[in-house]
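For what it's worth, the working numbering labels the leading residue of the sequence shown as 68, then goes sequentially. In what follows, a single structure is set out as structure tokens and then discussed.
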Amino acid sequence: MADERENFGSKLGTVLAAAGSAVGLGNIWRFPIETGQHGGAAYIIIYVLCIIMLGIPIMLAEFIIGRRSHSNAVGAYHKLAPGTQWKWVGRLSVLAVFIVTCYYVVVAGWTFEYMVLAMSNAFEGKHANDYVEMFSTFSSNPWQPLVCMVALFLITHVIVVHGVNKGIERFSKMMMPMLFIIAIILVVCSVNLDGASKGIDFLLRPDFSKITGSTILNAMGQAFYSLSLGMGILCTYASYFRKDLNMVKTTLNVCAIDTLVAIMSGFIIFPAVFHAGYELQPSDIGPSLIFITLPNIFQSAFQGVPALGYIFSVMFYLLLIVAAITSTISMHEVMDAYVCEEFKIRRKKATALVTACCMFFGVFCCLSFGPLADVKICHMTIFGIFDFVSSNILLPLSGMLASIFVGWYLKKKVIEEELTNDGVLRVPMLNVLAFLLKYIAPAAIGVIFLKNFGIF
Ligand code: PFF
68 MADERENFGS KLGTVLAAAG SAVGLGNIWR FPIETGQHGG AAYIIIYVLC IIMLGIPIML
128 AEFIIGRRSH SNAVGAYHKL APGTQWKWVG RLSVLAVFIV TCYYVVVAGW TFEYMVLAMS
188 NAFEGKHAND YVEMFSTFSS NPWQPLVCMV ALFLITHVIV VHGVNKGIER FSKMMMPMLF
248 IIAIILVVCS VNLDGASKGI DFLLRPDFSK ITGSTILNAM GQAFYSLSLG MGILCTYASY
308 FRKDLNMVKT TLNVCAIDTL VAIMSGFIIF PAVFHAGYEL QPSDIGPSLI FITLPNIFQS
368 AFQGVPALGY IFSVMFYLLL IVAAITSTIS MHEVMDAYVC EEFKIRRKKA TALVTACCMF
428 FGVFCCLSFG PLADVKICHM TIFGIFDFVS SNILLPLSGM LASIFVGWYL KKKVIEEELT
488 NDGVLRVPML NVLAFLLKYI APAAIGVIFL KNFGIF
């Protein structure tokens, strides 16, 4: 039999768990570079507008579905739209989160290895090419990345197996403040480097001439990815929300925390980049930024004070690990809740089953940098195809359908009841929100979807 459903215990725990799911590798390896290359503060303004017009309404839509149904991502549609085909939207999001988990944990595992390398001072005395060599030797090794991936899976497993309250909420309450403290220390160290002001200027100087249609699409995609929309995560977490939780406030807090961490990582990276005299290329995005470019930059930025460089690198990889784990536990939970409730399996068993399945497919993603590098599907490696299918197809599709479900299928009364907690709270601009959910969000995600296929 499935276990009794739990709830998040406190408002703070709820916000930190949801923010933990949003704050992840995407905030650190994508946002700062996108900002630097697409007009600095001008990009940040566009990004914040995307969060307001797209991120907030869709997050609220997922929260409404989750708390109203008090059920997992698939069960939610069974309850709110019984006998219809809407359940496929839930299934799509569970499939998306499964595929994302399989490849995300591989990269998250690499941060372990780099943390160990940083701790053992392995970056000392290395030159630019050594970092490329170091990364390709490590990622193509058949064993080391596998061990890291398994370690990350096991940590995630141990947290989620303890349940929503004692596992996810407790971990988030401990780790999110730690993530903030580490980020603040790194920002302070970085902005005090000589020449840091040039980096800050590069990040913040608004250059509206760089804003094009494609920049706006890019900012929309980034907002979508960064807030973990379309994966059923927010819907699953919301099914554990208490009935008296103010969902609008929670949404605003989560979006603010996620954006703040993304901007802070810009303040960590750019001052160090400019101090080291490095010129970032468009290709310095994603894993290559954090595993090749940044260790090199941190090393040269703190050449004068090697001890500081050592501490900076260790703390940076610790920041990445914490950000990654608070995201992987949320992904795991979507699948746990689904398996546990839909197949009436005990939580412990469901969690073990999910870990085993994801780990099995994760092995193929992991090995696609080494022994399976030549296995190509549609000209992509196994890792590449997992990333492409989930980020470009499944996530936007299920996000779009979720917003259509709330905007068009659910009665306005339901939305109103959920957002006002049955009339207890006053929620201004409900009509604006309904309009955004009905027209703007589906249209905007539709455009992102077409852009991913090169149609725009
Ligand atoms: N929002 C998290 C991040 O930015 O890393 C987690 C995440 C969301 C990972 C969506 C992957 C993904 F496709």
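Ideal placement from N, C-alpha and C gives every residue a C-beta, glycine not left out.
Just tell me which of the options has its CA closest to the CA of residue i.
i, options, result
"Phe524", "Ile460, Val172, His446", "There is simply no residue 524 to check, as the chain begins at 68 and stops at 523 in what is shown."
"Val456", "Lys193, Phe520, Val82, Phe365", "Phe520"
"Met467", "Asn139, Leu159, Ala84", "Leu159"
"Glu484", "Leu312, Thr326, Pro373, Ala368", "Leu312"
"Thr282", "Val254, Tyr110, Asn498, Ala404", "Tyr110"
"Asn459", "Thr178, Phe291, His194", "Phe291"
"Ala417", "Asn488, Thr81, Val227", "Val227"
"Asp261", "Asn285, Ala368, Ile278", "Ala368"
"Leu296", "Leu462, Phe334, Phe205, Val167", "Leu462"
"Gly429", "Ala218, Glu73, Gly150", "Ala218"
"Val161", "Gly344, Val421, Leu500, Glu71", "Val421"
"Gly133", "Ala469, Lys518, Ala511", "Ala469"
"Asp454", "Leu79, Ile166, Gly106", "Ile166"
"Gly53", "Leu439, Val321, Ala163", "Since the first residue of the chain shown is 68 and the last is 523, residue 53 is not available in this structure."
"Leu116", "Gly288, Glu346, Asp351, Asn488", "Gly288"
"Met314", "Ile512, Thr487, Leu504", "Thr487"
Could you please give the first and the last residue of the uninterrupted alpha helix (DSSP H) stretch that includes residue i?
i, result
"Lys415", "414–434"
"Trp177", "154–186"
"Trp96", "92–96"
"Ala86", "78–89"
"Val340", "314–342"
"Asn139", "No alpha helix (DSSP H) contains Asn139, which DSSP labels as neither H nor E."
"Asn196", "195–207"
"Asp403", "373–409"
"Lys538", "This structure leaves residue 538 out entirely; the chain is present only between 68 and 523."
"Gly106", "Careful: Gly106 lies outside any alpha helix (DSSP H) and carries neither H nor E."
"Thr448", "Element bounds for Thr448: n/a, residue is neither H nor E."
Would residue i be called buried (16 or more neighbouring beta carbons within 10 Å of its own) or exposed?
i, result
"Met245", "exposed"
"Met68", "Residue placement at Met68 cannot be trusted, given a pLDDT of 48 that sits under 50; what the coordinates show is reported in the next sentence. When all chains shown are included, Met68 counts as exposed."
"Gly87", "buried"
"Cys445", "exposed"
"Met496", "exposed"
"Met241", "exposed"
"Glu236", "buried"
"Asp274", "exposed"
"Val442", "exposed"
"Arg414", "buried"
"Asn498", "exposed"
"Phe308", "buried"
"Glu71", "exposed"
"Trp210", "exposed"
"Glu191", "exposed"
Can you round the beta-carbon distance between residue i and residue j to whole angstroms, since I take them to be within the 8 Å contact cut?
i, j, result
"Leu385", "Ile249", "6 Å"
"Cys407", "Met216", "With a Cβ gap of about 24 Å, Cys407 and Met216 do not count as contacting."
"Phe220", "Cys425", "7 Å"
"Tyr170", "Phe450", "5 Å"
"Ala323", "Phe365", "Not quite, the Cβ-Cβ distance comes to about 28 Å (not below 8 Å), so this is no contact."
"Val141", "Glu409", "6 Å"
"Met298", "Met398", "7 Å"
"Val328", "Asn94", "5 Å"
"His135", "Val372", "Contrary to the premise, residue 135 reads as Arg rather than His in this sequence. That belief does not hold up - the Cβ atoms of Arg135 and Val372 are roughly 55 Å apart, past 8 Å."
"Ser257", "Ile335", "5 Å"
"Thr395", "Thr223", "5 Å"
"Ala390", "Gly176", "Rounded, the Cβ-Cβ distance is 14 Å, inconsistent with contact."
"Leu213", "Val514", "No, Leu213 and Val514 are not in contact; Cβ-Cβ is about 39 Å, not under 8 Å."
For a test of your reading of the model: does the CB of residue i fall under 6 Å from any non-hydrogen atom of the ligand SAM? Yes or no.
i, result
"Val167", "In the structure on display, the ligand SAM does not appear, and the ligands it does have are the ligand PFF."
Within 8 Å, do at least three Cβ pairs link the segment 120–129 to the segment 356–366?
no
Is it a yes or a no for the segment 342–358 touching the segment 96–112, going by three-plus beta-carbon pairs under 8 Å?
yes
Under 8 Å: do the segment 181–190 and the segment 460–473 share three or more Cβ pairs, one atom per stretch?
no
Would you check if there are 3 or more beta carbon pairs closer than 8 Å linking the segment 259–275 to the segment 129–138?
no
Sufficient close CB pairs (3 or more, under 8 Å) joining the segment 397–416 to the segment 194–209:
no
Spell out a yes or no on whether the segment 299–309 and the segment 77–94 are touching, meaning 3 or more CB-CB pairs, one atom from each, closer than 8 Å.
yes
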